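A.B. asks: Can you read through this structure? Questions will come right after.
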Amino acid sequence: KCMHFWKLLQIIPFFKKREENNKTTVRNKSTLQLNGDTSVPVLEDSPNIQQPPSNKYWRQFCALHIKRFRNTLRNKKALFSELVIPALFVCITLITTSILPTLQQRPPLPLSPWLYSPPRYMFYSNDVPSSPEINKYVDDINGPIGLGTKCIFVNKTRDSSCIAPSALKYQRSSNITGISKFGPDCSCSSGAQVCPADAGKPDPPNHLVVSDDTMYDLTGSNVSDWLMKTHNRFSRTRYGGYSLGLNSTSSSFNISELLGLYTELMNNLSQINNIDIDNLTQSTPSNNNIKVWYNNKGWASSVSYMNAINNVILRAALPATNASQYGINTINHPMNYTQQQIGTELLQQSFVSLLHAIAVIFALSFVPASFTLFLIEERVSWSKHLQLVSGVNRFIYWLQAFSWDLACYLVSAILCIFIFLLFNDKSYVSPTNFPGLLCLLVFYGWSVIPLMYPASYLFSVPSSAFVSLACGNMFVGIITTITVSVLRLFDDEDLKAVSSVLEEVFLVLPQYCLGSGLLELSTTYYQKLSLSTFDIEIEINIFAWNVLGKKLFCMFSAGLIFFLLTLSIEFGIIKRLIKYKKIPDIPEPTVEEEDVLEEKKRVIQGDTSRDILVIKNLCKVYKSSNSSKPATNHICVGVKKGECFGLLGLNGAGKTSTFKMLTGATKVSKGDATVKGYSVVNNLGKVRSLIGYCPQFDALNPLLTTREHLELYGRLRNIPSNQLQAAVDIALQKLNLGHYSDRCAGTLSGGNKRKLSTAIALLGDPPLVFLDEPTSGMDPKARRFIWSCIQDVIREGRSVVLTSHSMEECEALCTRLTIMVNGQFKCLGNSQHLKNKFGKGYSLVVRCKNDCITNVKEFIDQELPGAVLLEAHYNQIRYQLTMSNLKLHKVFSTMEAAKRSMIVEDYSLSQTTLEEVFIRFASEQSDTVKARFGLIKHIRRAITFKCCKCCVDPANNEEVQV
Numbered sequence: 001k002c003m004h005f006w007k008l009l010q011i012i013p014f015f016k017k018r019e020e021n022n023k024t025t026v027r028n029k030s031t032l033q034l035n036g037d038t039s040v041p042v043l044e045d046s047p048n049i050q051q052p053p054s055n056k057y058w059r060q061f062c063a064l065h066i067k068r069f070r071n072t073l074r075n076k077k078a079l080f081s082e083l084v085i086p087a088l089f090v091c092i093t094l095i096t097t098s099i100l101p102t103l104q105q106r107p108p109l110p111l112s113p114w115l116y117s118p119p120r121y122m123f124y125s126n127d128v129p130s131s132p133e134i135n136k137y138v139d140d141i142n143g144p145i146g147l148g149t150k151c152i153f154v155n156k157t158r159d160s161s162c163i164a165p166s167a168l169k170y171q172r173s174s175n176i177t178g179i180s181k182f183g184p185d186c187s188c189s190s191g192a193q194v195c196p197a198d199a200g201k202p203d204p205p206n207h208l209v210v211s212d213d214t215m216y217d218l219t220g221s222n223v224s225d226w227l228m229k230t231h232n233r234f235s236r237t238r239y240g241g242y243s244l245g246l247n248s249t250s251s252s253f254n255i256s257e258l259l260g261l262y263t264e265l266m267n268n269l270s271q272i273n274n275i276d277i278d279n280l281t282q283s284t285p286s287n288n289n290i291k292v293w294y295n296n297k298g299w300a301s302s303v304s305y306m307n308a309i310n311n312v313i314l315r316a317a318l319p320a321t322n323a324s325q326y327g328i329n330t331i332n333h334p335m336n337y338t339q340q341q342i343g344t345e346l347l348q349q350s351f352v353s354l355l356h357a358i359a360v361i362f363a364l365s366f367v368p369a370s371f372t373l374f375l376i377e378e379r380v381s382w383s384k385h386l387q388l389v390s391g392v393n394r395f396i397y398w399l400q401a402f403s404w405d406l407a408c409y410l411v412s413a414i415l416c417i418f419i420f421l422l423f424n425d426k427s428y429v430s431p432t433n434f435p436g437l438l439c440l441l442v443f444y445g446w447s448v449i450p451l452m453y454p455a456s457y458l459f460s461v462p463s464s465a466f467v468s469l470a471c472g473n474m475f476v477g478i479i480t481t482i483t484v485s486v487l488r489l490f491d492d493e494d495l496k497a498v499s500s501v502l503e504e505v506f507l508v509l510p511q512y513c514l515g516s517g518l519l520e521l522s523t524t525y526y527q528k529l530s531l532s533t534f535d536i537e538i539e540i541n542i543f544a545w546n547v548l549g550k551k552l553f554c555m556f557s558a559g560l561i562f563f564l565l566t567l568s569i570e571f572g573i574i575k576r577l578i579k580y581k582k583i584p585d586i587p588e589p590t591v592e593e594e595d596v597l598e599e600k601k602r603v604i605q606g607d608t609s610r611d612i613l614v615i616k617n618l619c620k621v622y623k624s625s626n627s628s629k630p631a632t633n634h635i636c637v638g639v640k641k642g643e644c645f646g647l648l649g650l651n652g653a654g655k656t657s658t659f660k661m662l663t664g665a666t667k668v669s670k671g672d673a674t675v676k677g678y679s680v681v682n683n684l685g686k687v688r689s690l691i692g693y694c695p696q697f698d699a700l701n702p703l704l705t706t707r708e709h710l711e712l713y714g715r716l717r718n719i720p721s722n723q724l725q726a727a728v729d730i731a732l733q734k735l736n737l738g739h740y741s742d743r744c745a746g747t748l749s750g751g752n753k754r755k756l757s758t759a760i761a762l763l764g765d766p767p768l769v770f771l772d773e774p775t776s777g778m779d780p781k782a783r784r785f786i787w788s789c790i791q792d793v794i795r796e797g798r799s800v801v802l803t804s805h806s807m808e809e810c811e812a813l814c815t816r817l818t819i820m821v822n823g824q825f826k827c828l829g830n831s832q833h834l835k836n837k838f839g840k841g842y843s844l845v846v847r848c849k850n851d852c853i854t855n856v857k858e859f860i861d862q863e864l865p866g867a868v869l870l871e872a873h874y875n876q877i878r879y880q881l882t883m884s885n886l887k888l889h890k891v892f893s894t895m896e897a898a899k900r901s902m903i904v905e906d907y908s909l910s911q912t913t914l915e916e917v918f919i920r921f922a923s924e925q926s927d928t929v930k931a932r933f934g935l936i937k938h939i940r941r942a943i944t945f946k947c948c949k950c951c952v953d954p955a956n957n958e959e960v961q962v
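No gaps in the numbering here: position 268 of the sequence shown is 268 in the UniProt record's numbering, and each next residue is one more.
Here's what the structure looks like:
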């Protein structure tokens, strides 16, 4: 109770401030009696809190956006399927295909000893220590520049891995004692060379050179013996070395014979600057030569070490002042692809590109399919219809759905594009192709999202729709793309013609346009790349009609067509065109009860000036129904201001069809209904702005809170922003939902859900409220609380049309009611009038001793002639009394005499109940409806209700043992 008052204190100042600013009036405080609890003061609705519809549609658009944002944020599964799955699958595919080689010109490869990873070991031997020329080479090898060009100075800088010259510790010695034989011998007895662990010992002198490599000095040593015995130790770290001052034996070879083996080549190279190669080679000196040792396990080692020593020879021949700035680089330029190689590579890349296209189609198939989940849930739960009843324009509803879905799709597409950029796949993210990739993904979302909307009407289970549509997107996209791609590979002219036809036909499918567009991007890129190997540069406009232009145009057109198709289905245009069936003439009922006939006459004559709702000859025939019987048959009634009208009947009697027609869920077959003079047939939008609707089943979003629901429908009803929070607080307070304002609707109990549905119906003070079983599933206390709220609405002068299965509820609330049977009104009037007119007198319940039941029957048959025995259970008997021949005082005096004679313990006499009147008329329901919905269920319900009343002691409200 303290919490109620505290909330009241919070609400009142806030609302008064709004009152001052906006010059609105607020009704006086009233109280609600909560079944014996202390009265809790609440604020009643303001008389008129709607604003002019100048920005109505924009507010509806924003309200629907807020709803989708909150729903998406709290739906973890939707976020996973829309964002994570596409990017993850594209990433996995690119990781897989990145292993495969791509068609690209191999880069030039510099050849040097440092092509191989460290540590690196080299060696040299000075075979002529007395030669100044050879000693110069040795000093340069171990000097501040060293071998090759790694440590030469270029622009006063050099490689950072080179050692500073001041740190070098090499000093050439003239007294070096070589090692003629190293370590123990190796054995070849097993068929392979096996060397002991200490083979090659002792190690020759070694030191670091400027390139940060270890150099062994084998001067005077047996180089071949050391190399053989240390092969295993340096198998992956020693790739070359030098023998300096070697005596050459090349003069013993006949160079002319050797060149004759390469006649064609040598004819082109035999004369260079008028110097004959034969004479040049024969004049080569026979001493002070350099032998280059190399390990053929390193395929570039021979050329690398040859070029390294050539740099030493070059710098030794140059002046010492600037020799460190010169060097020779040897670069291996790979051979260009042949035509056959290019064809093979392009074929391989086409399969890789096809795999990429399939991966993107697969990844983006889940995203548009997931959007249908929310739409189907809203349609099946009647939440969409409730929003339409609250004033949402149907075009605005679908425009907002498309804009939100497209925005969510673009987030997913951006993540996929980011994955392509991360892997730097040039066929898609090159400067020329990247705009094409962006357009393909954007236009695919533009076209495929509206394609999902018409398909969503085919499903009523969201999960089934998601699986079916996702698989359909994948199947259509993958099969069509593969079919056309494979047919293009054949040289057969007929197959090529089939491929061309299929390509034109498949353009209507956005999935194919996406897949083939990605293939076009890849194809154009590799065409340009392959031609560049022949130094042919071409420019391809990817937006040309024959490349991407045609596909983008088809996707853009498909998006517009599918969206218009969705609107056509929404507005019923497609249904009228496809399922057009002339409505048969509906004959009026030949026999009608006099009260019903009198009301019908009043309505037809137009005596309805005080009526807020007028139903005139309203008929409904379902075109899909095999039965020719109408769901409603020429019903007429007028509901006055401040009246609660009850609509009773079995399931299938026509109540739901009546509500559907009045709220615009289904078309009126014949007749009309007006609300404040506005026709349901011709001016449904205005009618919806005047009504509130509480559907039979809770049309709530399980992921929105109670307050968020009321804020949503407040915006949809165009309640001004400066009054919205006050109106929401009033609704929460009035329906006693303050404690649950921040709880999601999916976590509320059944009773609180019905309260929330009722609060939505009453929000905005609509002059007419439709309540379809508003108290179903509620406990007695909550039920009576809702009754008091409905009574407050009636006292305010607003009208209520109510359906209920609780006769007690109808008697407590309805000023008038009717019972529908087979789509017709069978009776009309207040509950007492119906009981008096259609009741069968009184019901007499007698309880006696077990052994006296026969005597009691004989006594009643004798004293109360005309009493009809209905039931006899153990020691309890129930009779139906027709009062035509009996007087009440006669019945009471007879039963009191029986009680004094001790044959009757107690008795009760009651008038025929409304349930019994209902059962009487319900028995006239058609056999089809009885079999479908079960009339016996309602009869048992009524009997159980009566039996429970008999078995309860009214004095202490406790169960009496029977």
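Virtual Cβ for every residue (Gly too), placed ideally from N, Cα, C.
The structure presented is a predicted model; accordingly, all values stated were derived computationally and were not measured.
#1: Between residue 974 and Tyr-242, what straight-line distance do the alpha-carbon atoms span, to the nearest angstrom?
#2: Any beta carbon from chain C within less than 8 Å of Thr-663's own beta carbon?
#3: Give the straight-line distance between the Cα atoms of Glu-811 and Leu-712, rounded to the nearest whole angstrom.
#4: Given a cut-off of 8 Å, decide if Ile-877 and Val-856 are closer than it, judged by their beta-carbon atoms.
#5: I'd like the list of long-range same chain contacts for Gln-341, defined as Cβ closer than 8 Å, with 5 residues on each side in sequence excluded.
#6: Considering only DSSP beta bridges, list what Ser-350 is partnered with.
#7: Would you identify the three-state DSSP class for Arg-68, choosing helix, strand or coil?
#8: Just grab the DSSP bridge partners of Arg-238 for me.
#9: According to DSSP, is Lys-359 helix, strand or coil?
#10: Let me know the secondary structure DSSP gives Asp-851 once reduced to three states.
#11: Let me make sure I understand the geometry here. Which of Phe-659, Tyr-216, Met-895 and Lys-837 has the alpha-carbon closest to that of residue 995?
#12: What distance in whole Å lies between the Cβ atoms of Ala-761 and Leu-768, which are believed to be in contact at a cut-off of 8 Å?
#13: Would you please state the rounded distance, in angstroms, between the beta carbons of Met-122 and Asp-213? I believe it to be under 8 Å.
#14: Among all the DSSP beta bridges, which residues are the ones paired with Ile-635?
#15: For the stretch 742-813, which segments carrying the alpha helix (DSSP H) assignment without a break, of at least 4 residues, lie completely within its bounds, in sequence order?
#16: Grouping DSSP H, G and I as helix and E and B as strand, with all else coil, what is Pro-205?
#17: So, at 6 Å on beta carbons, what are the nonlocal neighbours of Glu-916 in its own chain, with the 5 sequence-adjacent residues on each side left out?
#18: Only counting the same chain, and skipping five residues up and downstream in sequence, which positions put a Cβ closer than 6 Å to that of Pro-165?
#19: Near residue 963, what residues of its chain come up, given a Cβ to Cβ distance below 6 Å and the 5 sequence neighbours on each side ignored?
#20: Could you spell out where the alpha helix (DSSP H) holding Gln-911 opens and where it closes?
#21: Does the contact criterion of 3 or more C-beta pairs under 8 Å hold for the stretch 558-573 versus the stretch 599-612?
#22: So for Phe-659, helix, strand or coil by DSSP?
#23: Report yes if the CB atom of Ser-669 is closer than 8 Å to the CB atom of Thr-705, and no otherwise.
#24: Where does Lys-291 sit, in a helix, a strand or coil, going by DSSP?
#25: Rank Leu-817, Arg-816 and Leu-737 by C-alpha distance to the C-alpha of Ile-786 and give the top, closest one.
#26: Quick one: measure Cβ to Cβ for Ile-615 and Cys-644, integer angstroms, because I've assumed they're closer than 8 Å.
#27: Does DSSP put Ser-304 in a helix, in a strand, or in coil?
#28: In angstroms, rounded to a whole number, what distance separates the CA positions of Met-215 and Ile-414?
#29: Along the chain, where does the beta strand (DSSP E) containing Arg-878 start, and where does it finish?
#30: Considering only the beta carbon of each residue, do Thr-523 and His-356 sit closer than 8 Å?
#31: Tell me the DSSP secondary structure of Pro-165 in three-state form.
#32: What whole-angstrom Cβ distance do Asn-222 and Ser-180 have, given they're in contact under 8 Å?
#33: With contact counted as at least three CB pairs below 8 Å, one residue from each stretch, are the stretch 508-523 and the stretch 347-366 in contact?
#34: Using the rule of at least 16 other Cβ atoms within 10 Å of the residue's Cβ for burial, across every protein chain shown, is Glu-378 buried or exposed?
#35: At a cut of 8 Å, does the stretch 391-409 reach the stretch 129-138 through at least three beta carbon pairs?
#36: Measuring alpha carbon to alpha carbon, tell me which residue in Leu-458, Ser-189, Asn-135 and Glu-905 is nearest Arg-172.
C.D. replies: Reading from the atomic positions:
#1: Residue 974 lies beyond the residue range present for the chain, which begins at 1 and ends at 962; the question has no answer from this structure.
#2: The chain inventory of the structure shown lacks chain C, comprising one protein chain alone.
#3: Numbered from 1 along the sequence shown, position 811 holds the residue referred to as residue 811. Numbered from 1 along the sequence shown, position 712 holds the residue referred to as residue 712. Near 34 Å, if we compare the C-alpha coordinates of Leu-712 and Glu-811.
#4: On the sequence shown, position 856 is the one that residue 856 refers to. On the sequence shown, position 877 is the one that residue 877 refers to. Closer than 8 Å, so yes.
#5: The count along the sequence shown starts at 1 and reaches residue 341 at position 341. So no residue of the chain qualifies.
#6: Position 350 of the sequence shown, counted from the start, is the residue given in the question as residue 350. DSSP, once it has assigned bridges, lists no residue as partnering Ser-350.
#7: For the purposes of this step, residue 68 is taken as the residue at position 68 of the sequence shown. Arg-68: helix per DSSP, three-state reduction.
#8: Residue numbering aside, residue 238 sits at position 238 when the sequence shown is read from its first letter. The partner list for Arg-238 (beta bridge, DSSP) reads Tyr-121.
#9: Here residue 359 refers to the residue found at position 359 when the sequence shown is read from its first residue. The displayed chain sequence assigns Ala, not Lys, to residue 359. Residue state, collapsed to three classes: helix.
#10: In the sequence shown, residue 851 corresponds to position 851, counting from 1. The answer is helix: DSSP assigns Asp-851 an H, G or I state.
#11: Because the chain in this structure spans residues 1 to 962, residue 995 falls outside the shown range and cannot be described.
#12: One-based indexing of the sequence shown puts residue 768 at position 768. One-based indexing of the sequence shown puts residue 761 at position 761. With a Cβ gap of about 10 Å, Leu-768 and Ala-761 do not count as contacting.
#13: For this step, residue 122 is matched to residue 122 along the sequence shown. For this step, residue 213 is matched to residue 213 along the sequence shown. Correct: roughly 6 Å between the Cβ atoms.
#14: In the sequence shown, residue 635 corresponds to position 635, counting from 1. Answer is Leu-618.
#15: 750-762, 780-795 and 807-813
#16: As a position in the sequence shown, residue 205 is number 205, starting the count at 1. Note: Pro-205 maps to coil in three-state DSSP.
#17: Taking the first residue of the sequence shown as 1, we reach residue 916 at position 916. Nothing meets the Cβ criterion.
#18: By 1-based counting over the sequence shown, the position of residue 165 is 165. Cβ within range, chain order: Pro-144.
#19: There is no way to answer for residue 963, as the model of the chain reaches only from 1 to 962.
#20: To locate residue 911, count along the sequence shown from 1; it is residue 911. No alpha helix (DSSP H) contains Gln-911, which is instead part of the beta strand (DSSP E) from 906-911.
#21: no
#22: Along the sequence shown, one-based indexing puts residue 659 at 659. Three-state DSSP puts Phe-659 in a helix.
#23: Translated into positions along the sequence shown, residue 669 becomes position 669. Translated into positions along the sequence shown, residue 705 becomes position 705. It is not a contact, given that the beta carbons lie outside the stated cut-off.
#24: Working through the sequence shown from its first residue, we reach residue 291 at position 291. Three-state result, Lys-291: strand.
#25: As a working note, residue 786 is residue 786 in the sequence shown. Selected option, being the one with the closest Cα: Leu-737.
#26: Taking the first residue of the sequence shown as 1, we reach residue 615 at position 615. Taking the first residue of the sequence shown as 1, we reach residue 644 at position 644. About 16 Å; that fails the 8 Å criterion.
#27: If you number the sequence shown from 1, residue 304 lands on position 304. Three-state result, Ser-304: helix.
#28: Position 215 of the sequence shown, counted from the start, is the residue given in the question as residue 215. Position 414 of the sequence shown, counted from the start, is the residue given in the question as residue 414. Those two C-alpha atoms are separated by around 55 Å.
#29: By one-based count along the sequence shown, residue 878 stands at place 878. That run of the beta strand (DSSP E) goes 876-881.
#30: Residue mapping note: residue 523 aligns to position 523 of the sequence shown, counting from 1. Residue mapping note: residue 356 aligns to position 356 of the sequence shown, counting from 1. Not a contact, by the Cβ cut-off of 8 Å.
#31: Numbered from its first residue, the sequence shown carries residue 165 at position 165. Correct three-state label for Pro-165: helix.
#32: On the sequence shown, position 222 is the one that residue 222 refers to. On the sequence shown, position 180 is the one that residue 180 refers to. Asn-222 to Ser-180, Cβ: 5 Å. Contact.
#33: yes
#34: Indexing the sequence shown from 1 puts residue 378 at position 378. Classification of Glu-378: buried, given that the 10 Å Cβ count is 16 or more.
#35: no
#36: Against the sequence shown, residue 172 aligns to sequence position 172. Minimum Cα distance to Arg-172 is reached at Asn-135.
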